[in-house]
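One structure is given here, and the rest of the page talks about it.
Residue numbers (our numbering): 132 to 436.
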């Protein structure tokens with residue numbers, strides 16, 4: 132579409148700001164602020180509430196979330212069965228004597244795995260970028276768990292043990308199995324499914340330094356990111372090419388973008404904000420365009436005949 136169209140705004144009762152959004156169905160959405168998760172209907176009325184920090188929703192529409200004690204729990208879609216998938220064990224996630232703590236998580240789009248971005252707060256390392264700039268801060272990594280809570284993969288370094296992450300804030304998996312991490316100190320870090328670095332995204336070719344927050348991917352495998360510097364929602368393709376500023380503060384329904392969620396069932400983009408309980412819902416891709424794009428990429432021979 133030439134420009135996004137605001138479909139609706141939802142004022143979620145019980146939260147002061149939105150840190151994470153997870154769509155369950157078009158009329159049910161999980162929203163969280165610092166320590167509380169609320170399941171809301173499409174009018175903003177709370178349906179269910181639990182304590183927690185970060186969350187995501189799996190293919191079965193179960194809630195997967197970080198508890199306040201940093202365990203990984205699952206709550207069934209009907210909110211009746213709660214199970215612990217991973218119980219925090221500092222010895223099992225330690226590295227060189229330092230303990231990594233889970234910060235954010237997402238469910239894999241291609242499997243039943245759970246991807247968790249972790250950060251080590253007591254470690255002060257220096258990260259040098261390709262342009263020579265350096266920043267110091269904590270060190271992070273991504274851990275993949277299966278449904279039994281077993282670690283099956285760790286993504287942490289590239290190019291002779293250089294740290295990939297410093298301060299992970301959000302994580303998502305793309306349709307091509309790429310793992311996208313919002314590293315708040317300066318960039319998006321994108322690795323492939325095997326953990327190999329694909330690219331860093333540091334913002335538009337001409338613009339300010341990127342301070343990425345919430346991220347998501349859409350049906351076309353584009354990556355969307357909230358930039359705290361410019362108060363924009365930027366969109367790049369799956370190879371890191373900047374496409375456009377999709378939305379920016381001052382447009383209808385846009386305040387200080389913090390978190391994103393793309394609902395594949397409706398092709399709608401949900402945006403949450405730091406300083407209010409409003410969620411704005413936009414359409415920017417039509418279903419016909421998604422269908423045409425799929426046919427063109429996968430059945431090109433039929434179009435040419």
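Ideal Cβ placement from N, Cα and C applies to all residues, glycine included.
The Cβ-Cβ distance between residue 135 and residue 397 does not fall below 8 Å. Looking at the backbone, the Cα of residue 388 and that of residue 407 are separated by about 10 Å. For residue 327, there is no enclosing beta strand (DSSP E), as DSSP marks it with neither H nor E.
For residue 320, the secondary structure class from DSSP, reduced to helix, strand or coil, is strand. Straight across, the Cα-Cα distance linking residue 234 with residue 250 is about 7 Å. Residue pairing by DSSP puts residue 404 in a beta bridge opposite 388. When the Cα atoms are used, residue 282 and residue 324 turn out to be separated by approximately 15 Å.
Just so you know, the alpha carbons of residue 322 and residue 381 end up roughly 33 Å apart. Taking a C-beta distance under 8 Å as the contact criterion, residue 341 and residue 333 qualify as a contact pair. For the pair residue 392 and residue 352, the CB atoms are not nearer than the 8 Å cut-off.
DSSP places residue 213 inside the beta strand (DSSP E), whose first and last residues are 213-217.
Residue 414 and residue 291 have their C-alpha atoms some 43 Å from each other.
Residue range 373-379 is occupied by the beta strand (DSSP E) that includes residue 373. Residue 132 is classed as exposed because its beta carbon has fewer than 16 other beta carbons within 10 Å across all chains shown.
Residue burial is scored here from C-beta neighbours: residue 374 has fewer than 16 other C-beta atoms within 10 angstroms and is therefore classed as exposed. As the crow flies, the alpha-carbon of residue 316 is around 14 Å from that of residue 356. Ranking 400, 294 and 184 by CA distance to the CA of residue 237 puts 184 first. Proximity to residue 180 across 173, 169 and 190 peaks at 169, based on C-alpha coordinates.
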